[in-house]
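Written below as structure tokens is the structure these notes are about.
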Amino acid sequence: MYSGFRGNFVRAHWELAKPAGSRPAASPEYVARGEVRIVTELLVIVALVLLSGVLSGAEVAIAALRSAHIQHLGQRGGGKIRALRRLRESSERVFATTRVSVTLLGTLAGTLAGATAVSDLAAFLRSYPAVERFAEPLAVVVAAVPLTAFSLVAGELIPKSLSLRYPAGYALFAARPFLALSFLLQPFVWILVSIANLFLRLFGDRTTFSETRCSPEELQHLVGDAAQAGSIDPGVGAIASRAIDFGDLCAGHVMVPRGKVIGLPRSASPEEMQRVILEEGHSRMPIYDGTIDKVIGYVMVRDLVAVFWEKDLIVLEDVIRPAYVVPRTTRAVELLNEMKRRRTQLAVVVDETGTMVGIVTLEDLLEQIVGDIWSEDEEVPPAPIRREADGSAIVLGEVRVRDANRELGLLLPESEDWATIAGLCLSLAGRIPAPGDVLDAPDGTQIEIVDATPRRVGSVRLRPRSSEPSVVKQ
């Protein structure tokens with residue numbers, strides 16, 4: 290029956306290709322049969338797209354389900370739980386099954402729409418004289434636009450949203466069929482991966498379906514989208530975002546600069562030690578010999594307090610701990626790991642000439658990930674970044690460029706030679722700028738010096754390129 294109808298339809302195409310005046314008008318029976326055929330093909334396409342959406346949603350649900358939730362569900366037992374656990378044990382199986390199935394279903398839907406639906410729809414449209422001349426292009430548009438929209442809505446957006454909202458129910462619903470499908474497709478997946486690796490071997494590379502190579506920027510967008518969508522807590526998202534940025538930092542970015550380092554001379558008297566400890570309130574301080582450039586180690590204040598309590602004669606060499614010296618270009622991740630391995634709390638940062646330029650503590654490194662940590666007796670300083678009504682922002686000079694970029698959405702340049710807004714201003718001006726000076730950053734941001742002394746930049750006003758400059762009164 291199908292082949293007979295197909296032959297009749299081919300002959301009909303030949304007749305319809307003739308000029309309108311030289312061929313007979315389409316019969317009502319012919320038009321009705323064409324309508325039935327088109328509806329049948331559209332139903333098949335809809336079914337393929339919906340099945341593709343179910344598989345895509347199953348992948349997201351299985352990946353989104355937390356291990357603790359699976360353990361809780363596992364108390365009930367059952368074949369669905371066992372199937373879900375097997376899928377979670379092999380992410381490669383899940384990703385491969387989804388990619389192959391979705392690609393195959395999409396290809397079938399597109400082939401059906403292009404090879405039959407479009408041609409049948411064009412033949413059907415030719416039966417109407419008003420659109421006969423434009424039947425072919427109109428058929429392509431009529432078939433492609435709704436199919437694309439339907440594929441995105443029913444094949445991507447709706448199933449993935451439902452799977453994230455109800456991951457447990459969705460995953461349990463799809464676990465056993467998904468596992469069975471993965472076994473059926475396993476030989477096909479092996480062949481595809483082998484062919485890909487055969488070509489990639491020429492470049493010294495290999496691949497799998499579960500391979501992920503996201504850039505830090507892509508990960509940042511994923512974390513931001515997840516926090517905005519409510520998939521993860523915003524606080525967790527902020528920590529994850531800082532952790533990703535942490536990989537790009539070096540010791541020069543996180544150190545306490547030399548001008549803010551409080552230390553004790555090697556020859557300090559007990560009275561001087563007590564005064565500095567009470568005034569500064571630090572838990573550890575570097576010890577230097579002669580000048581701050583010659584740091585020989587550091588002391589824990591608790592060690593000094595213990596000696597004070599026992600009223601013994603204080604000799605710093607008895608409580609001093611060796612200094613761990615690192616170049617300012619040392620990566621922050623490597624520095625953190627090495628300080629943990631050495632079980633040291635403080636590192637001395639030096640430049641290429643061996644001059645001390647700052648110190649780094651474990652707390653400084655951790656604050657890059659979790660944010661500022663304030664102790665009970667520390668006075669919280671004013672907000673380092675304060676937005677103004679005109680779109681500008683008042684920023685302290687000690688604020689790190691990276692933090693200002695993240696908070697204000699700017700693209701101020703970073704360098705190993707500076708890490709703070711004050712350092713950026715010195716680099717742009719070539720000197721210590723004076724209050725009222727205006728500097729132009731490479732990204733178009735206007736930097737107005739608000740507070741500065743002959744030795745340091747206190748605060749600046751940042752005006753993004755898109756904000757209107759405010760009137761500065763003389």
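Residues 290 to 763 in my numbering are what the sequence shown spells out, letter by letter.
Every residue, glycine too, gets a C-beta built ideally from N, C-alpha and C.
Predicted, not measured: the structure shown is a model, and the values here were computed from it.
Which residues bound the alpha helix (DSSP H) around residue i?
i, result
"residue 617", "Element bounds for residue 617: n/a, residue is neither H nor E."
"residue 396", "380-401"
"residue 654", "651-659"
"residue 465", "456-489"
"residue 424", "424-441"
"residue 675", "It is not in any alpha helix (DSSP H) - residue 675 instead sits in the beta strand (DSSP E) that spans 674-676."
"residue 420", "Where residue 420 is concerned, there is no enclosing alpha helix (DSSP H), given that its DSSP letter is neither H nor E."
"residue 498", "Premise fails: residue 498 is in no alpha helix (DSSP H) and is neither H nor E."
"residue 568", "559-569"
"residue 621", "621-631"
"residue 412", "407-414"
When burial is assigned at 16 or more other CB atoms within 10 Å of the CB, is residue i buried or exposed?
i, result
"residue 436", "buried"
"residue 675", "exposed"
"residue 636", "buried"
"residue 750", "buried"
"residue 693", "buried"
"residue 313", "Because residue 313 carries a pLDDT of 46, less than 50, the predicted location of this residue cannot be relied on, and no value is offered for it."
"residue 311", "Any answer about residue 311 is weak, because its pLDDT of 43 lies below 50 and its placement is not dependable; what the coordinates show is given next. Burial call: exposed."
"residue 723", "exposed"
"residue 336", "exposed"
"residue 379", "exposed"
"residue 716", "exposed"
"residue 564", "exposed"
"residue 737", "buried"
First and last residue of the beta strand (DSSP E) that includes residue i?
i, result
"residue 609", "Careful: residue 609 lies outside any beta strand (DSSP E) and carries neither H nor E."
"residue 740", "735-741"
"residue 729", "727-729"
"residue 636", "635-639"
"residue 573", "573-577"
Please check the pair residue i and residue j, which I expect to be a contact at CB under 8 Å, by giving their CB distance rounded to whole angstroms.
i, j, result
"residue 519", "residue 447", "Actually they do not touch by this definition, with Cβ atoms about 18 Å apart."
"residue 350", "residue 456", "5 Å"
"residue 588", "residue 609", "6 Å"
"residue 383", "residue 348", "6 Å"
"residue 460", "residue 354", "5 Å"
"residue 659", "residue 639", "Not quite, the Cβ-Cβ distance comes to about 27 Å (not below 8 Å), so this is no contact."
"residue 400", "residue 344", "Rounded, the Cβ-Cβ distance is 18 Å, inconsistent with contact."
CB residue i to CB residue j, shorter than 8 Å?
i, j, result
"residue 653", "residue 543", "yes"
"residue 397", "residue 432", "no"
"residue 540", "residue 633", "no"
"residue 734", "residue 699", "yes"
"residue 703", "residue 691", "yes"
"residue 284", "residue 581", "Because the chain here runs from 290 to 763, residue 284 falls outside it and cannot be looked at."
"residue 682", "residue 701", "no"
"residue 394", "residue 474", "no"
"residue 338", "residue 463", "no"
"residue 381", "residue 497", "yes"
"residue 407", "residue 414", "no"
"residue 451", "residue 376", "no"
"residue 648", "residue 559", "no"
"residue 562", "residue 511", "no"
"residue 708", "residue 721", "no"
"residue 516", "residue 523", "yes"
"residue 586", "residue 616", "no"
"residue 714", "residue 688", "no"
"residue 680", "residue 753", "yes"
"residue 346", "residue 465", "no"
"residue 505", "residue 536", "yes"
"residue 573", "residue 550", "no"
"residue 651", "residue 628", "yes"
Identify whether residue i lies in helix, strand or coil by the three-state DSSP scheme.
i, result
"residue 547", "helix"
"residue 752", "strand"
"residue 359", "helix"
"residue 452", "helix"
"residue 585", "strand"
"residue 689", "strand"
"residue 717", "helix"
"residue 531", "helix"
"residue 336", "helix"
"residue 682", "strand"
"residue 698", "coil"
"residue 329", "helix"
"residue 662", "coil"
"residue 493", "coil"
"residue 521", "coil"
"residue 556", "coil"
"residue 747", "strand"
"residue 444", "helix"
Does the beta carbon of residue i come closer than 8 Å to any beta carbon on chain C?
i, result
"residue 532", "In the structure shown, chain C cannot be found, because there is only a single protein chain."
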